[in-house]
Amino acid sequence: MEKISNFTGVGVPFRYSNVDTDQIIPAIYLKRITKTGYEDGLFSTLRQDPDFVLNQEPYKNPSVLVAGSDFGTGSSREHAVWALRDFGFKAVFSPKFADIFRSNCGKQGLVAGVISNSDTTKLWEAMEAQPGVELEVDLPSQTIRLGELEINFEIDEYTKWRLSEGLDDIGITLQNEDKIAEFESRRASWRPKTLPVKGD
Amino acid sequence: MAEKLTLAEKLWRDHLVVKGEDGAPDLIYIDLHLIHEVTSPQAFDGLRLAGRDIRRKDLTIATEDHNTPTKDIHLPIAEPTSAKQVQALRENTEEYGVRIHSLGDKNQGIVHVVGPQLGLTMPGITVVCGDSHTSTHGAFGALAMGIGTSEVEHVLATQTLPLKPFKTMAINVEGSLRPGVSAKDIILAIIAKIGTGGGQGYVLEYRGSAIRELSMEGRMTICNMSIEAGARAGMVAPDETTFEYLKGRPHAPEGKDWDEAMEYWKTLKTDEGAEFDAEVFINADELDPFVTWGTNPGQGVSLLGEVPDPESFEDPSDRESAKQALKYMDLQPGTKMKDISVDTVFLGSCTNSRIEDLRAAAKLIKGKKLAEGLTMMVVPGSQKVRIEAELEGLDKIFKDFGAEWRFAGCSACLGMNPDQVGEFKRAASTSNRNFVGRQGKNARTHLVSPVVAAATAIRGTLSAPSDLED
Ligand code: SF4
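As given, the protein sequences belong to chains A and E, one line each in that order. Quick note, the working numbering runs 30 ahead of the 1-based positions in the first sequence. Quick note, the working numbering runs 30 ahead of the 1-based positions in the second sequence.
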């Protein structure tokens, strides 16, 4: 994974709340077996509307999504994160994320930062005043900058560390291989095993 | 004296491999990993790319459910991308030596029906699956949660997951359900009360006399929808009902193992005096059959109620989402729920497709006819449920009634396989999600219990079992 520290990119005022993962990417796109190439599925239903924000010229190459509350609810599909990433997004901000979505973001190098409701509105207004304006996202200081506006976002320390180091989860865990093996040696024999196959 | 712990905290303690320090998550051991065709291909891809193997094939099991057709299953899967996903699962499990139950196999079916049916799901274990309804398995007193595809890869490679401890929430459901009211109504009422985000960050523990009285199927229905309240996991402490359900199943412990397990399982309850981070109280005596009117599972009312007026919501975002929901659902505020007529009825999904669900519906429709103009599809949760139902003659009851009797799978629960509700059609569905487009493009979903589904199929309008009496 790429290390992330500080980047600038076009911000999108995404005035929707309660956006579930079916809306981010409908089930029909879940049938693929690859790990990339999901940009066409992103918000595909909303994008049918020519007035939809991502169809507007200034937002053609976006990298920061500023959404309303309860973003990423519903199904655990990681494709929602892949679709955002493949579309070019590097960060999503919202007053509230669904847990699974947020943790999926961290694993794919997408910054998911929590900002207050009032800061969300401020950002929306500022972006709408200059459509296509670039935001600066500074991960180390957890700040979003847009002109005079400087907004703090929350992200947990651990995810932040991983994003900035570009660390792969499995690699981190396998540093504890000996402890896993030790735990397994104590695992009670009544605990389930799928093999050998029993029954019919 | 020992620290007083909740059930969820005990399970956490007993699966802790490494305690996280300096904000790092804890490393938690996973006892059982369930796999299906949708969220696994990329995980296998990742393993392959990194040259890693599966750590514990003997704790891993796969089945095909989301994409599989529920009729003509002897034919090749028609839809090319569905066929490709299923094929990928077959190839991956073959390559890595993972047990799989494929279409046509007795133990093929919805992953959350298959685990319990095999006796692999048991109290005191951790269960994960790349599917948010993995919370279902919590009904056994297991810590069970849905994970994303990267986490699937992580579990395959390490049999562990880095997780932050959850907060705990007690959902106390006291009293007794009235006739015609069932587990589904309890959970819909809970979600309407705490909201679709109310359980976020929590493990829910369902407690109280009404929960104790429920069968395992009913408990699974409730735990299944924990995710609809925003919680990643929900659980019920194991008791005699649990042990009885489990005993004798193919993978349930036997002999000395069973005795040893029982000794441990009996300790699996929240200690007297342990504190939850939050508590919710529901009075089961007062519950009516529940039904959704909107496009998220929290937008529900009593079946005796009416479609709410969006203006009646205080919170502006609730008001806005109610407005959008009514537009999509094509409903007017003030319409009595019972006056809403439906086009189709779906009995199935990991929420309500177990034998008890089918029995409850069959009992009501026996000897009756499907309402004029309606269609109905009955989709058992697994092949085994289907076979069991056929031995009891339930298939005949459904077919005589005018319903279609299908093979096992996720079916119309999500618009991913040939079973869809149809554009602008209205469904009474025993599934768990009424999201926009969930059951097919522009399909309108009302979530209901199996008996409400049955009563609705008879009358053609959303109905309670008690409506059949007059
Ligand atoms: S039945 Fe529906 S909710 Fe359950 S696993 Fe299948 S698609 Fe998911």
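Every residue gets a Cβ at the ideal spot worked out from N, C-alpha and C, and that includes glycine. From a predicted model like this one, the values you see are computed outputs, not experimental measurements.
- At least 9 Å separates the CB of A:S215 from every CB of chain E.
- For A:D168, the uninterrupted beta strand (DSSP E) run begins and ends at E164 to D168, by DSSP.
- For E:V182, the closest of E:M359, E:T325, E:L492 and E:I65 by C-alpha to C-alpha distance is E:I65.
- Not one heavy atom of the ligand SF4 is found less than 8 Å from the C-beta of E:T151.
- Taking 8 Å as the cut-off, one finds no heavy atom of the ligand SF4 near enough to the beta carbon of E:S165.
- Residues of chain E whose Cβ lies closer than 7 Å to the Cβ of A:D50 are, in chain order, F465.
- In this structure, the ligand SF4 has a non-hydrogen atom nearer than 8 Å to the beta-carbon of E:N462.
- Taking the Cβ atoms as the reference, E:I60 lies roughly 5 Å from E:T156, within the contact range of under 8 Å.
- Taking CB atoms only, A:V227 has a neighbour in chain E less than 9 Å away.
- Beta-bridge analysis with DSSP links E:E336 to E:K366.
- Pairwise C-beta distances place the stretch 378-395 of chain E out of contact with the stretch 345-357 of chain E, as fewer than three of them are shorter than 8 Å.
- The C-alpha of E:Q329 is placed about 27 Å away from the C-alpha of E:R242.
- Relative to the Cα of E:S206, the nearest Cα in the group E:G229, E:G231, E:S239 and E:P195 belongs to E:S239.
- When C-beta atoms of the stretch 42-53 of chain E are compared with those of the stretch 75-92 of chain E, fewer than three pairs fall below 8 Å, so the two segments do not count as touching.
- In the structure shown, the three-state DSSP call for A:G71 is helix.
- E:G168 carries a helical assignment under DSSP once its states are collapsed to helix, strand and coil.
- Within chain A, the residues T224, L225 and V227 have their CB atoms less than 8 Å from the CB of E:R129, given in chain order.
- For E:V375, the shortest C-beta to heavy atom distance toward the ligand SF4 is 8 Å or greater.
- A residue is called buried once 16 or more other Cβ atoms fall within 10 Å of its Cβ, and A:S133 is buried on that count.
- Between the ligand SF4 and the CB of E:D95, the shortest heavy atom gap is smaller than 8 Å.
- Contact between E:T374 and E:V451 holds, with the beta-carbon distance rounding to 6 Å and staying under 8 Å.
- With at least 16 other beta carbons inside 10 angstroms of its own, A:D100 counts as buried.
- Shortest gap from the CB of E:S379 to any heavy atom of the ligand SF4: under 8 Å.
- Contact residues of the stretch 185-196 of chain A toward chain E are D186, E187 and Y188 (C-beta to C-beta distance below 7 Å).
- Residues of chain E whose Cβ lies closer than 9 Å to the Cβ of A:A113 do not exist; the shortest such Cβ separation is about 13 Å.
- No Cβ of chain E is located within less than 9 Å of the beta carbon of A:E32.
- Against A:E108, the close residues of chain E are G178, T179 and S180, in the order they occur along the chain (beta-carbon pairs closer than 7 Å).
- Relative to the non-hydrogen atoms of the ligand SF4, the Cβ of E:V141 comes within a distance shorter than 8 Å of at least one.
- Chain order gives no chain A residues near E:G139, where near means a beta carbon separation below 8 Å; the closest approach is about 14 Å.
- Taking a cut-off of 8 Å on C-beta distances, the stretch 138-157 of chain A touches the stretch 95-115 of chain A, as three or more cross pairs fall below it.
- When the alpha-carbon of E:D161 is set against those of E:L193, E:G210 and E:M255, the nearest one is in E:M255.
- Chain E places a beta carbon closer than 9 Å to that of A:T75, counting this residue as a contact.
- Rounded to whole angstroms, A:I130 and E:S479 show a C-alpha spacing of 27 Å.
- The residue among E:N202, E:T98 and E:H104 with its C-alpha nearest the C-alpha of E:A113 is E:T98.
- For the stretch 240-258 of chain E, the residues whose beta carbon sits under 9 Å from a beta carbon of chain A are, in order, I257 and E258.
- Check the Cα spacing between E:I217 and each of E:L477, E:L498 and E:E499: the tightest is with E:L477.
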